[in-house]
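Undergrad:
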Amino acid sequence: MPLAIVGASGKLGFATLSALLDHGLLLASDLVLTTSSANGAQKLQDAALKGALIRHVNWDDSQSAWEAALEGCDKLFLISSSRIQKDFGDAPPGHGREEDHFKALESAKVVGVEHVYYSSLAFANPSKSNVMTAHERTEAWLTKEWSGRYTIIREGLYNESWPLYLGHYKVTDDERTEIPIAGDSKISWTSIADLGTATAMILAAPSEDWAGKTCYLSQSQAYSQSEVAGMVAKAKGKEIHVNVISRDEHEAYYTQQRGMEEPFIKWWSKTYDALRDGECHIQDPTLELLLGKQGLKPKHMEATVAEMLG
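So for the sequence shown, full-length UniProt numbering puts the first residue at 1; every next one is plus one.
#1: Tell me where the alpha helix (DSSP H) around residue 163 begins and ends.
#2: Go ahead and label residue 209 buried or exposed: buried means 16 or more other beta carbons lie within 10 angstroms of its beta carbon, across all protein chains shown.
#3: Distance, Cα to Cα, residue 107 vs residue 67?
#4: Can you tell me whether residue 87 is buried or exposed, with buried defined as 16 or more other CB within 10 angstroms of its CB?
#5: From residue 136 to residue 101, what distance separates their C-alpha atoms?
#6: Using DSSP bridges, identify the partner residues of residue 64.
#7: On the premise that residue 222 lies in contact with residue 188, defined as a C-beta separation below 8 Å, what is that separation, rounded to the nearest angstrom?
#8: Residue 77 lies in the alpha helix (DSSP H); which residues open and close that run?
#9: Starting from residue 214 and walking both ways along the beta strand (DSSP E), at which residues does that stretch end?
#10: How close, in whole Å, do the beta carbons of residue 116 and residue 96 come, if the pair is a contact with beta carbons under 8 Å?
#11: How would you write the range of the beta strand (DSSP E) that residue 241 sits in, first residue to last?
#12: Assuming residue 8 and residue 44 are in contact, meaning their beta carbons sit under 8 Å apart, how far apart are those beta carbons, in whole angstroms?
#13: Can you tell me the Cα-Cα spacing of residue 286 and residue 204, whole angstroms?
#14: Using only alpha-carbon positions, find the residue among 82, 144, 10, 26 that is nearest to residue 39.
#15: Taking only the alpha-carbon atoms, compute the straight-line gap between residue 217 and residue 195 and give it to the nearest angstrom.
#16: Is the beta carbon of residue 220 closer than 8 Å to that of residue 184?
#17: So, is residue 93 buried or exposed, given that buried needs 16 or more other C-beta atoms within 10 angstroms?
#18: Would you give the residue range spanned by the beta strand (DSSP E) that residue 53 belongs to?
#19: Does residue 298 come out as helix, strand or coil in the three-state DSSP assignment?
#20: Just the C-alpha distance for residue 180 and residue 273, rounded to the nearest angstrom, thanks.
#21: Buried or exposed, going by whether 16 or more other CB atoms sit within 10 Å of the CB of residue 166?
#22: Taking DSSP as the reference, what is the three-state secondary structure of residue 178?
#23: Under a Cβ-count criterion, where at least 16 other Cβ atoms within 10 Å of its own Cβ denotes burial, should residue 172 be classed as buried or exposed?
#24: Is it right to say residue 206 is buried, meaning 16 or more other beta carbons lie within 10 angstroms of its own, or is it exposed?
#25: Between the beta-carbon of residue 177 and the beta-carbon of residue 234, is there less than 8 Å?
#26: Would you mind reading off the limits of the alpha helix (DSSP H) that contains residue 262?
#27: Run through the DSSP bridge pairs and tell me what residue 149 is partnered with.
#28: Give me the Cα-Cα distance between residue 109 and residue 146, rounded to the nearest whole angstrom.
#29: Taking the beta carbon of residue 251 as the centre, do at least 16 other beta carbons fall within 10 Å, making it buried, or is it exposed?
#30: Starting from residue 4, trace the beta strand (DSSP E) in both directions and tell me its first and last residue.
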């Protein structure tokens, strides 16, 4: 019976789909791919031509629509909702992004899905960050409310997301030489492609191999934002450094001087509390062991920075 990938046209979803097919881990005919947009459906056309089934559903649809989208699947790869605005303002339990997840999971129950794989995030649980809250609540639901098999995959922080952590750096036109941030520490950055490959290998393995497990997918080499700033400086040929300030100062700078929206900045700034505690410096060999089985090594962070700065 098929594997459903929720959000198959997104960054992680498409990287996972590509790895499944490119490495011959699953047949396209064994896949049900959900997307919420016409552009997403177009992105999935190659997989559809090989036999994958595309189903349209979005987080605002009814539970019955989600049941129809997951019908006939025995495995579900639930990629977390990107609707971060639901989390703003300390959303109470059940009203943040986890509300989206619960709808898909309750639907999976109804249609008889046997194994859920959930894409969590590579922070601690419990975490000092706000970005992890919806993941914590979803992980808790799986451990308490789900009677079938489940696997929690705490996906590493994307190599490609360094601008977000480095003071919302504007890749194309940021002229700052000093980047204020509310905390600095090592992060086990991992490329989207590498996460897709490792995740695909977990999804394609016999269900019992990963049932009941929680794993981190992060490469062992870690870099602080200061070190990433050095990579940016090297690529741009000019001096760039970070200036660690308090969280209140961070929020004031980005809302008042950079004109960013206060609800987002207040939600995001607590990420640096977690970073100061080393939550994202991960010591788990799973990613590199899985990549090694495909003869691959993780993509170096400096290569990603150089490519993005072009």
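Note that CB positions come from ideal geometry on N, CA and C, so glycine has one too.
TA: Checking against the coordinates, here is how it stands:
#1: Position 163 of the sequence shown, counted from the start, is the residue given in the question as residue 163. 162–165 is the extent of the alpha helix (DSSP H) around residue 163.
#2: Indexing the sequence shown from 1 puts residue 209 at position 209. By the neighbour-count rule (16 or more Cβ atoms within 10 Å), residue 209 is not buried but exposed.
#3: Taking the sequence shown and counting its residues from 1, the one referred to as residue 107 is at position 107. Taking the sequence shown and counting its residues from 1, the one referred to as residue 67 is at position 67. Roughly 5 Å separates the two Cα atoms.
#4: For the purposes of this step, residue 87 is identified with residue 87 of the sequence shown, where counting begins at 1. Its Cβ being crowded by 16 or more others within 10 Å, residue 87 is buried.
#5: For this step, residue 136 is matched to residue 136 along the sequence shown. For this step, residue 101 is matched to residue 101 along the sequence shown. Just so you know, the alpha carbons of residue 136 and residue 101 end up roughly 12 Å apart.
#6: As a working mapping, residue 64 is identified with position 64 in the sequence shown. Per DSSP, none; premise fails for residue 64.
#7: In the sequence shown, counting from the first residue as 1, residue 188 sits at position 188. In the sequence shown, counting from the first residue as 1, residue 222 sits at position 222. That pair is a contact at about 5 Å.
#8: The residue you call residue 77 lines up with position 77 of the sequence shown. First-last for residue 77: 75–79, but that is the beta strand (DSSP E), not the alpha helix (DSSP H).
#9: Numbered from 1 along the sequence shown, position 214 holds the residue referred to as residue 214. Counting along the chain, the beta strand (DSSP E) containing residue 214 begins and ends at 214–217.
#10: On the sequence shown, residue 116 is found 116 positions in, with the first residue counted as 1. On the sequence shown, residue 96 is found 96 positions in, with the first residue counted as 1. Contact check for residue 116 and residue 96: beta-carbon distance about 19 Å, past the 8 Å limit, so the pair fails to qualify.
#11: Counted from its first residue, the sequence shown places residue 241 at position 241. Run containing residue 241: 241–244, per the beta strand (DSSP E) assignment.
#12: Sequence index remark: in the sequence shown, residue 8 carries index 8 (1-based). Sequence index remark: in the sequence shown, residue 44 carries index 44 (1-based). Confirmed, about 6 Å.
#13: Taking the sequence shown and counting its residues from 1, one reaches residue 286 at position 286. Taking the sequence shown and counting its residues from 1, one reaches residue 204 at position 204. Spanning the two alpha carbons is a distance of roughly 15 Å.
#14: Residue 39 sits at position 39 when you count from the first residue of the sequence shown. Of 82, 144, 10, 26, the smallest CA-CA separation from residue 39 is found for 10.
#15: The count along the sequence shown starts at 1 and reaches residue 217 at position 217. The count along the sequence shown starts at 1 and reaches residue 195 at position 195. Each residue's alpha carbon lies about 7 Å from the other.
#16: Reading the sequence shown from its first residue, position 184 is the one you call residue 184. Reading the sequence shown from its first residue, position 220 is the one you call residue 220. No.
#17: As a first step, residue 93 must be located in the sequence shown, where it is residue number 93. With fewer than 16 other Cβ atoms within 10 Å, it is exposed.
#18: Translated into positions along the sequence shown, residue 53 becomes position 53. Annotation: the continuous beta strand (DSSP E) that includes residue 53 extends over 53–56.
#19: Residue mapping note: residue 298 aligns to position 298 of the sequence shown, counting from 1. DSSP, read as helix, strand or coil, puts residue 298 in coil.
#20: Translated into positions along the sequence shown, residue 180 becomes position 180. Translated into positions along the sequence shown, residue 273 becomes position 273. Approximately 15 Å, taken between the alpha carbons.
#21: Taking the first residue of the sequence shown as 1, we reach residue 166 at position 166. That one is buried.
#22: The residue given as residue 178 occupies position 178 in the sequence shown. Strand at residue 178.
#23: As a position in the sequence shown, residue 172 is number 172, starting the count at 1. Classification for residue 172: exposed.
#24: As a working note, residue 206 is residue 206 in the sequence shown. So residue 206 counts as exposed.
#25: Residue 177 sits at position 177 when you count from the first residue of the sequence shown. Residue 234 sits at position 234 when you count from the first residue of the sequence shown. No, Cβ-Cβ distance for residue 177 and residue 234 is not below 8 Å.
#26: Sequence index remark: in the sequence shown, residue 262 carries index 262 (1-based). Counting along the chain, the alpha helix (DSSP H) containing residue 262 begins and ends at 262–269.
#27: Along the sequence shown, one-based indexing puts residue 149 at 149. In the DSSP output, where bridge partners are listed per residue, residue 149 has 115.
#28: Stepping through the sequence shown from its first residue, residue 109 is reached at position 109. Stepping through the sequence shown from its first residue, residue 146 is reached at position 146. Roughly 8 Å between the two C-alpha positions.
#29: As a working note, residue 251 is residue 251 in the sequence shown. Buried, by the Cβ-count rule.
#30: As a first step, residue 4 is located in the sequence shown; it is residue number 4 there, counting from the start. According to the DSSP assignment, residue 4 belongs to the beta strand (DSSP E) that extends over 3–6.
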